Structures are given as structure tokens and as C-alpha cells.
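A.B. asks: If you read the sequence shown in numbering that gives the first Met the number 0, its first letter stands for residue 0, the second for the next number, and so on. Note that the Cβ used here is the ideal one computed from N, Cα and C, for glycine as well. Source: prediction; values computed, not measured.
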Amino acid sequence: MKQNVSMDKIQAHCKTVGFVFPGSEIYGGFANTWDFGPIGVELKNNIKRAWWKKFVQERTDTFGVDCAILMNPRVWDASGHVASFGDPKMDCKNCKQRFRADTLIEEHSKGAVSAEAMTNEQMEAYIEEHNIHCPHCGAKDWTPIRKFNPMFITSRGTLEADADKVYLRPETCQGEYVNFLNVQRTTRAKIPFAIAQIGKSFRNEITPGNFLFRTIEFEQMELQKFCHDKDSMDIYNDYKQQAWNFVTSLGLQADHLRFHDHDKLAHYAKAACDIQYLFPMGWQELNGVHHRGTWDLSRHQEYSGKSMAYLDPFTNEKYIPTVIEYSIGADRLTLALICEAYDEETLENGETRVVMHFHPAIAPYKVAVLPLQKNLSEKAKEVFSKLSTFFMCDYDEAGSIGKRYRRQDQIGTPMCVTIDFDTLEDNTVTLRDRDTMEQIRLPIEELVPYITNKIAF
Ligand code: ATP
Numbered sequence: 000m001k002q003n004v005s006m007d008k009i010q011a012h013c014k015t016v017g018f019v020f021p022g023s024e025i026y027g028g029f030a031n032t033w034d035f036g037p038i039g040v041e042l043k044n045n046i047k048r049a050w051w052k053k054f055v056q057e058r059t060d061t062f063g064v065d066c067a068i069l070m071n072p073r074v075w076d077a078s079g080h081v082a083s084f085g086d087p088k089m090d091c092k093n094c095k096q097r098f099r100a101d102t103l104i105e106e107h108s109k110g111a112v113s114a115e116a117m118t119n120e121q122m123e124a125y126i127e128e129h130n131i132h133c134p135h136c137g138a139k140d141w142t143p144i145r146k147f148n149p150m151f152i153t154s155r156g157t158l159e160a161d162a163d164k165v166y167l168r169p170e171t172c173q174g175e176y177v178n179f180l181n182v183q184r185t186t187r188a189k190i191p192f193a194i195a196q197i198g199k200s201f202r203n204e205i206t207p208g209n210f211l212f213r214t215i216e217f218e219q220m221e222l223q224k225f226c227h228d229k230d231s232m233d234i235y236n237d238y239k240q241q242a243w244n245f246v247t248s249l250g251l252q253a254d255h256l257r258f259h260d261h262d263k264l265a266h267y268a269k270a271a272c273d274i275q276y277l278f279p280m281g282w283q284e285l286n287g288v289h290h291r292g293t294w295d296l297s298r299h300q301e302y303s304g305k306s307m308a309y310l311d312p313f314t315n316e317k318y319i320p321t322v323i324e325y326s327i328g329a330d331r332l333t334l335a336l337i338c339e340a341y342d343e344e345t346l347e348n349g350e351t352r353v354v355m356h357f358h359p360a361i362a363p364y365k366v367a368v369l370p371l372q373k374n375l376s377e378k379a380k381e382v383f384s385k386l387s388t389f390f391m392c393d394y395d396e397a398g399s400i401g402k403r404y405r406r407q408d409q410i411g412t413p414m415c416v417t418i419d420f421d422t423l424e425d426n427t428v429t430l431r432d433r434d435t436m437e438q439i440r441l442p443i444e445e446l447v448p449y450i451t452n453k454i455a456f
């Protein structure tokens, strides 16, 4: 984020160029849902790939899974979601919109105040004292705070009367817990090791606004590290640092990030920390690292009746492992990276160009192939075919070359390859850099290694 840009501007840009569209738009939309468009899906896939590369592919101690969204409902009894999962909600009596009280406070204070440790009474008093109005209609006529279970419920069974209640998972990590022993057995992993997953979660979130930040379905990229309790704090601190390194290596500036240690911990937790990002609406959670003790596996042992103990082959000690969780929302990180990349630059000739300075590894297209004129398209398509077996490439022959460069800047394509009449003579092309706008001349056969090097992560 090179300047203070509003979320409205980011949202409008995303829609204009095809990153993200409002969900079910032709029906007037559907609150807190968004559809990723042609370049948005590339961006998000690249972000998920980058995460998987760092946290699974490059590690010898982490194994991936892809678990079912619908799980035995007993899982959610064991996890505590059925009984107690609930956010503090209040309704605006005027427009009937429902909001999370903690979010109202945090957004009103632009992230300066954390409502985490507040009781419901303290949150109500804060909202009263600071004169917080309904963000939707502007009224100040709140109901008291009530707990609200955000799990989506559906049913299975052919006859409605027989139908069993099932839940859309509100978090992915339960898939790792219930498969802990399967993964350990099949990989022969020794503790400490981690199981990782990227997948959809669903929460009946009712706080509107802020674009992709809080949606009712979203993808989590998370891992659960199973360890001996004596090593757990070191592992926790290590993941805090790895989580930080990951987002900075993708391009989030360190001065737009901060650690936020939780004031209030779950009764089973030893420590919890978020990394917050300075979104246009203020400091907000980007990811969490949580020390969950032995709570998760103990509960599944209790509710399933199956032993979740690990037998250490060296010491013969049998114990329930402690879990360190690291979790980051793919959509929320995509939003942060879009906010960070967005830039409006004034050029020497006084024109403004909108440019998305994505890290090349996550840019939707790595390169755009542009014939200078339409009668060069045969050669340009040859170059496109060559490059597109290696990278996601765009091809554009419509409009002036200047306009085509601008279009690629707006979607963050790091390099443009222009085919001109010299190309027909000597098989060289012009390669233009998105950020510096500098141009160099390269032989076609050098393009693949050159681009590969530029997009490395
Ligand atoms: P929040 O306090 O913002 O509701 P949380 O503490 O409930 O988040 P976790 O359950 O720890 O979040 O989920 C891990 C990560 O998943 C979050 O750090 C965030 O990046 C992402 N996430 C959580 N809820 C949503 C949502 N409704 N929409 C998009 N991303 C989400």
C-alpha cells in the first residue's frame, strides 16, 4: 500500500479488472460472499501454492491431507463447537442488521482497542460510552449482546423426518486431529511432526462489509504440529517467526504488520498470538498461532473412545501430544496482498498508472505476450505457446501497446514480451519490467530461464 487507499477503491478495482466479483450479483448479491474471477483465481491459487511450498513441500516433518467438509456430528460435540462456540452479537433494532460487538469496538477504534478480554457488560458499556452507531443505518439502538452459534447446519437422510443434523465445518483442523494416528502410521513420522491442510470453512458470520476480510465461506491454510509438551513453547515461538517470515517474503511490509499476543486465553491454552495487518480499516488479524495443549486429542479420545496416545519409540513414553496450530485465511491473505500491491503512480508525463506490485511468484500472469501489430500475431502466438507450457501467460493484441502495458500493470503482470518486426529477423523480443518500466532485448530462447529466475519464491 503506497498510499492510503480505501477498501471501496480496492473493491472497485478488483471488480473492474476481474479479481473478485460480488457473489450472486445479478440477484442483488448475497451478503459476505464473493466470487473470484479469472485473475483472482490465479492469484489465490498462487498464494495457496506458495504456502504449501513453504510449509509442506520444503519440510521433512509436515504431511498434507484434504479432509471431508462434512464430518460425523460427534466431532463438533468433542470440539466444543456445538455447546459453546459463539460470538457476542448485537442487533440494530432500527435496520435489523446483526453485528459482532467485539468487531464494532475494534473497527471503531481502528484496531487500537482489543475487545478480546472484555466481558459482555464491558463491551456494551464501551459501545454506549463511545457512541458507536450502526455502520449500516447510522442509528444507535442496540439490543443487548447475545451469543450466536455460527455453524451452518444441513441434514442428511432422504426423508426430512429422519434427517440427521450435520454441520458444515467451521474450521478445517478437526480433520487433522481425527486423522492424527492414520497419518502417523502411514508416514512413520516421529513426533514432532505436523499435518497441514488447505480447505474451505463455513461460518455464519454476520458482520457485513470489509470485502474479503470476513466472509461466510473461506479457505483456511493451516497446520497442526504434534509435539511433546516440553518442546511446545519453542515450537510455538518458531511458528510465530515462520508465519511472519512467510507473509513478509510474499511482500507485506514489516511496518504494516505486528504481533498481537492474546490477553484472554482459552482454559486449555498456554499461549496465543495473531499477526495483524494494517488493512485500510485499521489493524486486524491476519493469522493465528495457538498453543492448544492436549485439549484436542484428549477430547477426541474421550468422545470417540479411541486412544489418541503416541508411543515414543525411543523412550517408550506414551502420551497425548500437545498441539501447536498455525492458521491463516487464504482469502484474507489475498486481500492483504491486494491492498499492499495496489499503487497509483504519477508518471513523468503527468498521467496516472494503477499498478499492482505483486511478488512475481503470486502474480496471476507471469508474462503477457503482445504483438506490436496484428500482422505479427503468428509469431507472437508461437512465443505464447512456448511460454505457456511453463507459466500462466496472457495474450493481448487489442489496442495500442501503451494501453496494453497499462492493462497488464493493473493486474500485476511482472513482465511483458513484445514481438516486433525485428523479432522476425533475429528472434529477439522486448521484455518490459512492470515496476521499473525498463525494457531490454532478449533472444526468445532465453525467455524461459530468465522468467523462471524472476518468479522464484
Ligand atoms: P476472527 O477473530 O477474525 O473471527 P478467528 O480468530 O476466529 O478470526 P481462526 O478461527 O483462528 O480465526 O481462523 C484462522 C484464520 O482464518 C484467521 O486468522 C483468518 O485469517 C481466517 N478467517 C477466520 N474467519 C474468517 C472469515 N470469516 N472470513 C475470512 N477469513 C477468516
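Look up Ser297 in the DSSP assignment and say whether it is helix, strand or coil.
C.D. replies: In the structure shown, Ser297 sits in a helix (DSSP, three-state: H, G or I).
A.B. asks: Is it buried or exposed for Ser306, if we count other Cβ within 10 angstroms and need 16 for buried?
C.D. replies: Looking at its Cβ environment, which holds fewer than 16 other Cβ atoms inside 10 Å, Ser306 is exposed.
A.B. asks: From what residue to what residue does the alpha helix (DSSP H) around Ile9 run?
C.D. replies: Here the alpha helix (DSSP H) through Ile9 covers Met6 to Val16.
A.B. asks: Is Gly281 close to chain B, meaning its C-beta is less than 8 angstroms from at least one C-beta of that chain?
C.D. replies: Here there is only one protein chain, and chain B is not present.
A.B. asks: Between Leu334 and Thr314, what straight-line distance do the alpha-carbon atoms span, to the nearest angstrom?
C.D. replies: Approximately 46 angstroms, taken between the alpha carbons.
A.B. asks: Does the ligand ATP have a heavy atom nearer than 7 angstroms to the CB of Leu285?
C.D. replies: For the ligand ATP, at least one heavy atom lies less than 7 angstroms from the Cβ of Leu285.
A.B. asks: Of the choices Met117, Asn3 and Ala77, whose alpha-carbon is the least far from that of His299?
C.D. replies: That would be Ala77, whose Cα lies nearest to the Cα of His299.
A.B. asks: Nearest to Pro149 by CA position, among Glu106, Thr214, Ile194 and Phe192, is which residue?
C.D. replies: The option with the nearest alpha carbon to Pro149 is Thr214.
A.B. asks: What's the C-alpha gap between Thr102 and Ala114?
C.D. replies: One C-alpha to the other measures close to 8 angstroms.
A.B. asks: Tell me, to the nearest whole angstrom, how far the beta carbon of Lys453 is from that of Met414; I am working on the premise that it is less than 8 angstroms.
C.D. replies: With a Cβ gap of about 7 angstroms, Lys453 and Met414 count as contacting.
A.B. asks: To the nearest angstrom, report how far apart Leu332 and Arg406 are at their CA atoms.
C.D. replies: Those two C-alpha atoms are separated by around 24 angstroms.
A.B. asks: Is Ser326 close to the ligand ATP? I mean its beta-carbon at under 7 angstroms from any heavy atom of the ligand.
C.D. replies: Checking every heavy atom of the ligand ATP against the Cβ of Ser326, one is found closer than 7 angstroms.
A.B. asks: Taking 6 angstroms as the limit between beta carbons, can you name the residues of its chain near His358, skipping five residues before and five after?
C.D. replies: Around His358: Leu249 and Gly250.
A.B. asks: I want to know whether the region 318-328 touches the region 283-296 - three or more CB-CB distances under 8 angstroms.
C.D. replies: Taking 8 angstroms as the limit for Cβ pairs, the verdict is that the region 283-296 does touch the region 318-328.
A.B. asks: Identify whether Ser306 lies in helix, strand or coil by the three-state DSSP scheme.
C.D. replies: Ser306 falls in the coil class under three-state DSSP.
A.B. asks: Could you tell me how far apart the beta carbons of Trp33 and Leu211 are, in whole angstroms, since I believe they sit closer than 8 angstroms?
C.D. replies: About 6 angstroms separates the two Cβ atoms, so the contact holds.
A.B. asks: Quick one: measure Cβ to Cβ for Ile418 and Lys378, integer angstroms, because I've assumed they're closer than 8 angstroms.
C.D. replies: The pair is a contact, with the Cβ atoms about 5 angstroms apart (cut-off 8 angstroms).
A.B. asks: Alpha carbon to alpha carbon, how far is Glu343 from Lys8? Give it in angstroms, no decimals.
C.D. replies: Looking at the two C-alpha atoms, the distance is approximately 11 angstroms.
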